[in-house]
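Reading through the structure tokens given below for one structure.
Residue numbers (the UniProt record's numbering): 1 to 174.
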């Protein structure tokens, strides 16, 4: 299973049903390593229109090239490989940062096997179950109490309050 973060464009609420134009603009960004960015970094930045990220990547490559001149043959290859590896791990985070910078809202996350499945799951769930990440964060930062969770005894199917244990273990030693 892969985890995708969901981003809606500025001016939308993030609740389904979205209009057809708004639904087409929703972005799903996979969490984790990006193989296309690892193998084709420059083209990956162009494809996603991440101009500021592309500029940073080019400056980074120039600096690595200068550093590689001082380290020699194997050192240069190792530095280039490590740069590509770093980009592979950070590429999707760069996409999320760029979307936030342009005013897009992160409206949640979803677990799915593929991008298509993530889209189906997102648009199929009811709007009432879709509180945005911003709403949850603002509620917790504005002094609102955290969500109330039932006691452990209720989770295990027992409604008696006398068996609750304070600590890490669900059962009291007797």
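Just so it is clear, CB atoms sit at the ideal spot from N, CA and C, and this is done for glycine as well.
| If you compare alpha carbons, which of 39, 4 and 48 is closest to residue 81? | In this structure, 39 is the residue among 39, 4 and 48 with its C-alpha nearest to the C-alpha of residue 81.
| request: Determine the contact status of residue 6 and residue 108, defining contact as a CB-CB distance below 8 angstroms. | output: Yes.
| request: Could you pull out every residue in the same chain whose Cβ sits closer than 6 angstroms to the Cβ of residue 87, ignoring the five residues on either side in sequence? | output: Counting only Cβ-Cβ distances below 6 angstroms, and skipping sequence neighbours, we find 37 and 41.
| field | CA-to-CA distance, residue 120 to residue 61, given in whole angstroms | value | Using only the alpha carbons, I get a separation of about 39 angstroms.
| said: Does residue 29 pass the burial test, meaning 16 or more other C-beta atoms within 10 Å, or should it be called exposed? | reply: By the neighbour-count rule (16 or more Cβ atoms within 10 Å), residue 29 is buried.
| task | Taking the CB atoms as reference points, tell me whether residue 99 and residue 25 lie closer together than 8 angstroms. | result | Contact: no.
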